[in-house]
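For reference, the structure is listed below as structure tokens.
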Amino acid sequence: MQTKKLLTLLLFLFIYVAGHSQNEANTWYFGENAGIDFNPAVPVPLLNGALSTYEGCASISDPTTGQVLFYTDGMTVWNRQHQVMLNGNGLIGHWSTTQSAVIVPRPGSSRYYYIFTAAPAQLTQSYSYSEVDMNLDGGLGGITTLKNSILYIPGTEKLAVACHGNGTDFWVLTHAYSSEFRAYHVSTAGFNP
-12 MQTKKLLTLL LFLFIYVAGH SQNEANTWYF GENAGIDFNP AVPVPLLNGA LSTYEGCASI
48 SDPTTGQVLF YTDGMTVWNR QHQVMLNGNG LIGHWSTTQS AVIVPRPGSS RYYYIFTAAP
108 AQLTQSYSYS EVDMNLDGGL GGITTLKNSI LYIPGTEKLA VACHGNGTDF WVLTHAYSSE
168 FRAYHVSTAG FNP
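Here you go:
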């Protein structure tokens, strides 16, 4: 079990170093109340996280300061004060999915983010998305009325994000419960499934 945890951490570190372009990936929360702050020259372990998960999770940091904005296990979203975000309970992800959530910033906006979640494979609510507005709750952020919008069913618990060729937008990639992969475009106009 320790070897698996170490390999997972090394994989995350490799992805971080290879994909680091801004400060949005500078603070991570994962595992059992654990985290890592990559803002200092030497990464610092964090023990103040609110989430406890064995598998998927996601974090996003302020692109300017690198300080955490919010993080999730796919079911609950915690703000930078490690409190449940406004309307942040009841997302349709699951702590036991391999990639329970990914967070995508809306290009050109420091206000809006999208959380894409994956439920366990083949369940009735496989892939969904919710919108975060960082202006809600006095700047701590909150989930808007665009919550748990279903993308499609069934899925395989796989989510990934890639930069668009234009260097601004993003692609959210999913894998259906077949040989089909699906890509969704997130642009300055937002997300339109």
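Quick note on my numbering: the sequence shown kicks off at -12 and runs consecutively. Note that the Cβ used here is the ideal one computed from N, Cα and C, for glycine as well. Remember, predicted model here, so these are calculated numbers, not experimental data.
Residue j beta carbon less than 8 Å from that of residue i
i      : j      : result
GLY53  : ASN20  : no
ASN74  : ILE130 : yes
LYS145 : THR104 : no
ALA45  : THR63  : no
SER113 : TYR139 : yes
Nearest residue (CA-CA) to residue i, options the options
i      : options                           : result
GLN68  : GLY128, ALA170, GLY142 and THR155 : GLY128
ALA149 : THR161, GLN70, PRO141 and ALA37   : THR161
ARG93  : HIS172, ALA28 and ASN10           : HIS172
VAL33  : GLY22, GLU11, HIS81 and ILE90     : The amino acid at residue 33 is misidentified as Val; the sequence shows Leu. With distances taken between Cα atoms, LEU33 lies closest to GLY22.
ALA88  : SER165, ASP124 and GLU118         : GLU118
THR175 : ARG169, PHE168, HIS151 and GLU167 : HIS151
VAL55  : THR143, GLY126 and THR132         : GLY126
Range covered by the beta strand (DSSP E) that runs through residue i
i      : result
SER201 : Residue numbering for the chain in the displayed model covers -12 to 180; residue 201 lies beyond these limits and cannot be assessed.
HIS172 : 168 to 174
GLU144 : 142 to 150
Bridge partners - residue i, DSSP secondary structure assignment
i      : result
ILE130 : VAL119
Pairwise C-alpha distance: residue j and residue i
i       : j      : result
TYR230  : ILE47  : Examination of residue 230 is not possible in this model, given that the chain is present from -12 through 180 alone.
VAL159  : VAL29  : 31 Å
LEU(-7) : ASP156 : Any answer about LEU(-7) is weak, because its pLDDT of 45 lies below 50 and its placement is not dependable; what the coordinates show is given next. Roughly 32 Å between the two C-alpha positions.
SER39   : GLY177 : 30 Å
Proximity test, residue i beta-carbon vs the ligand SAH heavy atom, cut-off 7 Å
i      : result
LEU138 : Of the ligands one can find in the structure shown there are none, so the ligand SAH has no counterpart to examine.
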